[in-house]
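As structure tokens, the structure follows; a few thoughts come after it.
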Amino acid sequence: SRSTGPRACPGLRPDEWAETHRRCGEFVERWGMQAHAAGWDTLRLFGVGPVTGTLRADYCGILIPLLAGVHDVTAEWIKIGLRTCYRHERVKMPGMLAIWEFKR
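In the numbering used here, each residue carries its 1-based index in the sequence shown increased by 380.
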């Protein structure tokens, strides 16, 4: 289960993990069904590197870290705060896993 305690994996401070955890829960409640219907998958949203965790942003799902509110979800993009995050063709790192599955 997800914890708001110590950081989930390398690259997130405890305060960033707590905010990301809260906002990801809000995302699932508000946008989860729409994101699923639009074809977004777990790793594309919540993925982290199996060794690097969140240290390599280019290997993270677009919601990691999630430090601003989501306000639009389509099949092509998700708008987070002032940013628009576009879906890429494929998951970028072999072995990526959901942030809550990361083992230190």
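Beta carbons are placed, not taken as given, at the ideal position from N, Cα and C, and that holds for glycine.
How long is the line joining the alpha carbons of valine 408 and histidine 401, rounded to whole angstroms?
-> 11 angstroms
Whole angstroms is fine: what's the gap from leucine 443's alpha carbon to threonine 464's?
-> 11 angstroms
Taking only runs that begin and end inside the region 407-455, name each unbroken alpha helix (DSSP H) of 4 or more residues, in chain order.
-> 422-426
Taking the alpha-carbon positions, what's the glycine 391 to alanine 398 distance?
-> 13 angstroms
Can you give me the Cβ contacts of isoleucine 460 inside the same chain, cut-off strictly under 6 angstroms, excluding the 5 residues immediately before and after it?
-> Ala448 and Val450
How is the beta strand (DSSP E) around isoleucine 460 delimited, first residue to last?
-> 457-460
Within its chain, find whatever has a CB closer than 8 angstroms to the CB of arginine 410; leave out the 5 residues flanking it on each side and keep chain order.
-> Val450
Measure the C-alpha to C-alpha separation of proline 474 and lysine 483 and round it to an integer number of angstroms.
-> 16 angstroms
Which of helix, strand or coil DSSP assigns to cysteine 404 = helix
Got a sec? Which residues, its chain only, sit under 6 angstroms from alanine 415 by beta carbon, not counting five neighbours each side?
-> Val453
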